[in-house]
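These notes concern the structure reproduced below.
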Amino acid sequence: MSKAIVVKSLRKKYTVKKRGLFRRVYEDIEALRGVSFEVNYGEVVGLLGPNGAGKTTTIKIIATLLLPDAGEVYVDGFDAIRQPNEVRKRIGLMLTVEKGFYTKLTGIENLEYFGILYGLSRREARARALELIKLVELDKLGGDVKLLEEFSLGMKARLSFARALINNAPILLLDEPTLGLDPPSARKIRELVKKLAREEGKAVLYTTHNMFEAEIVCDRILLINKGVIVAVGSPNELKRLIPYNRVINMVVKGDGDAHSIIEEFGLRGLSEKLENGLFTIKIHVDKPEEILNEIVKKYVSKGFNILSLKIEEPTLEDVFIYFSEGS
Amino acid sequence: MSLIDLLVAEYRLVYGELFRRKSAIVTMIMYPYLFAGFTVFVGYAYGNPQYFVERTGVDPVVFMVTASYILMALMTTVDELFWRPLVDQWVGTLPYILATPVNRLKRYFSIPIPRLTILIITGSTSVIPIHVYYSGFKGLATGLSIILLTTIGAIISIGFSMVITGLVHRIGESWRTLNIIRPIIMILIGAYFPRKYMFIFARYVSYLIPASHVVEIIQGLMSGLETPLYILLSLAIALSIIYTPLGSKTIDVWEKKKVREGVKFS
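Listed below in structure tokens is the structure:
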């Protein structure tokens, strides 16, 4: 069986027009700089990266909605650049959640419309729409009879996910499918994604900013930063890629510069100032037992009260931050 | 992918929008009457009805009501195709539509049909009563002939509208460009201002619009003057046959441009 998605050395440059005082100024932005990866059937692959890393550009190219400057993309063995219609038949697409439906139609009518555009007959489109409305549990929320304009964001997201399944495509491209959703809707979508990959063997390419979600949904994660894939692996494999194996998590209270203390020890870490003089601090270390006492003493000597302290394994968020540092 | 299924999908979409938005349906029914009323009022206020009859061979009220009906129906085809890509962009459906393998020619053919159907039906409350009132039973036949010819004119305008749609959206600034092109087409169709009174350049451009030939047939039918019916009809159909593949190609070129630039998601 051919690979679901094969991406080879993908490059894309955008030219941004800026209006100067007397003439237009053009600036080139390299969105993708030689991205290569593969997605297998039955696998959920997460595409993670900070804003502007190239996630959506990659999805757009695979979905035949953008042409790359260089590189190759194959979907189920078909060339996305030269055979876009063959690729379109094999892809289910979920983009932004809030937009993309006709507001004066019901959820079922919207699904039927898109089903027919995918080549289903009226009967097939109707039957598939009813089946999907039940699958995403929109029938319980009245989504089968309500007009789109009456839908909440969570309902729209469920419908958007149902639309991605309308043509029963073997490959799903989901661009931040749970963005801005309430926990039940987000959980429902995550469950369905996993189920579709495990039980129906669908290949899923999934972009998200939510590390917790990536960890529980994705079999493999591609970390992308500044248009380059910087790391690939399962969540556990990725955690082993970073050059420290523990994180000291502290909450301290005080008036001084909490971050400079991390730098004084020559360690990597993050600090975030909260309200009322509170700071959250993450310090990346290899052997916490060797340095913990010194760090605590330093904070106390600088007038900070230590409110909590935990030593934990690095999370996927630590991996994400490590690889996207400086972006 | 059958054309019937696409037509049904479009009927559901357009009628969902129309019948669930009361103001839209009321406006759609009222607009031809308001338009005709306004032009007749202006004509009577500043012109001479007798002179109008001498020039056109038709009573101004009959002419204006019929012209409004013809123009509304023909412009429905043009407008539905012109604005649909913009509407899809605004509501955010454009990327999803471009990502489907739907046959573009079939889809664009089916887009104007639902609204056109309503417009054609409204002829039974405007064109037919006015012709029956002025000409009795003969007027009924004239009215029905006008509705039939208008339907043919609207359908053969699809290819032409696709060409303009593809070109305008390809060039960009489509909102502004369409607002300039649309009134020019309205004039050149010749419903209000018969082609024979246009200045020479406009007349030649008008010959390139398939619907203008059908309008000329309808005006001949109303005035009782002899018109080369078969020549005009053949010309209109021939133009439509030329424009349809050309329209399909221009739509394809526009889509390719969109994909080169990247289809925006929001």
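Going down the list, the protein sequences come from chains R and Y.
Residues 1 to 327, numbered by my numbering, are exactly what the first sequence covers, in order.
Residues 1 to 266, numbered by my numbering, are exactly what the second sequence covers, in order.
From the three backbone atoms N, C-alpha and C, an ideal C-beta is built for every residue, glycine too.
The Cβ-Cβ distance between Y:Met75 and Y:Tyr31 does not fall below 8 Å. The residues Leu32, Val35, Pro68 and Gly71, in chain order, have a CB closer than 6 Å to that of R:Leu10 in the same chain once the five nearest residues on each side in sequence are set aside.
Closer than 8 Å to the CB of R:Lys89 there is at least one CB belonging to chain Y.
Put simply, the CB of R:Arg33 is far from chain Y, with every gap to its CB atoms at 8 Å or more. Among the residues of the stretch 57-70 of chain R, those with a Cβ less than 8 Å away from any Cβ of chain Y are Thr57, Lys60, Ala63, Thr64, Leu65, Leu66 and Leu67, in the order of the chain. Remark: C-beta atoms of Y:Tyr69 and Y:Val127 approach each other more closely than 8 Å. With its beta carbon less than 8 Å from one in chain Y, R:Ser121 belongs to the interface. Looking at the DSSP output, R:Leu223 bridges to R:Leu48 and R:Ala231.
The Cβ neighbour count for R:Asp76, taken over all protein chains shown within 10 Å, is at least 16; the residue is labelled buried. The CB of Y:Asp5 comes closer than 7 Å to the CB of Ile116, Ser121 and Arg122 in chain R, given here in chain order. Here R:Ile224 is buried. Its C-beta has 16 or more other C-beta atoms within 10 Å. Contact between Y:Gly16 and R:Leu105 holds, with the beta-carbon distance rounding to 5 Å and staying under 8 Å.
The beta-carbon separation of Y:Ser161 and Y:Leu81, rounded to 4 Å, stays under the 8 Å limit for a contact.
The beta carbon of R:Cys218 sits closer than 6 Å to the beta carbons of Val44 and Gly46 from its chain, once the five residues preceding and following it are set aside; these are given in chain order. Closer than 8 Å to the CB of R:Tyr113 there is at least one CB belonging to chain Y.
Fewer than three beta-carbon pairs drawn from the stretch 99-109 of chain Y and the stretch 192-211 of chain Y are found closer than 8 Å, and the two stretches are therefore not classed as touching. In the structure shown, the three-state DSSP call for Y:Val263 is coil. In its chain, beyond the 5 residues on either side, Phe101, Tyr102, Leu148, Leu159 and Arg163 have a beta carbon closer than 8 Å to the beta carbon of R:Asn110. Bridge partners of R:Lys13 according to DSSP: R:Glu30. Cβ proximity to chain Y below 8 Å picks out Leu147 from the stretch 138-158 of chain R. Taking a C-beta distance under 8 Å as the contact criterion, R:Ile166 and R:Arg128 qualify as a contact pair. Chain order gives the chain Y residues near R:Asn85 as Pro101, where near means a beta carbon separation below 8 Å.
For R:Lys104, the neighbours in chain Y by C-beta distance under 7 Å run, in chain order, Gly16, Glu17, Arg20 and Arg21. Under the three-state reduction of DSSP, R:Lys287 is assigned to coil, being neither helix nor strand. For Y:Asp79, the enclosing alpha helix (DSSP H) has its first and last residue at Pro60 to Val91.
The three-state secondary structure of R:Glu199, taken from DSSP, is helix. Among the residues of the stretch 221-250 of chain Y, none has a Cβ less than 9 Å away from any Cβ of chain R. When the five nearest sequence neighbours on each side are left out, the beta carbons in the same chain lying within less than 7 Å of the beta carbon of Y:Ile152 are those of Val214, in order along the chain.
Interface annotation, Y:Tyr96: in contact with chain R, CB-CB separation under 8 Å. For the pair of segments examined, the stretch 281-294 of chain R was found to touch the stretch 257-269 of chain R: the number of CB pairs separated by less than 8 Å reaches three. In terms of Cα proximity to Y:Ile184, the closest of Y:Arg170, Y:Val263, Y:Phe201 and Y:Ile171 is Y:Phe201.
With distances taken between CA atoms, Y:Asp59 lies nearest to Y:Ser223 out of Y:Lys264, Y:Lys249, Y:Ser223 and Y:Val263. Nearest CB-CB separation between R:Leu10 and chain Y: not below the 8 Å threshold. Within the same chain, Arg33 come within 6 Å of R:Val228 by CB-CB distance, once the 5 residues on both sides are set aside.
Residue contact with chain R for Y:Val8: present (Cβ-Cβ distance below 8 Å to some residue of chain R). A Cβ-Cβ contact shorter than 8 Å links R:Ile5 with R:Leu205.
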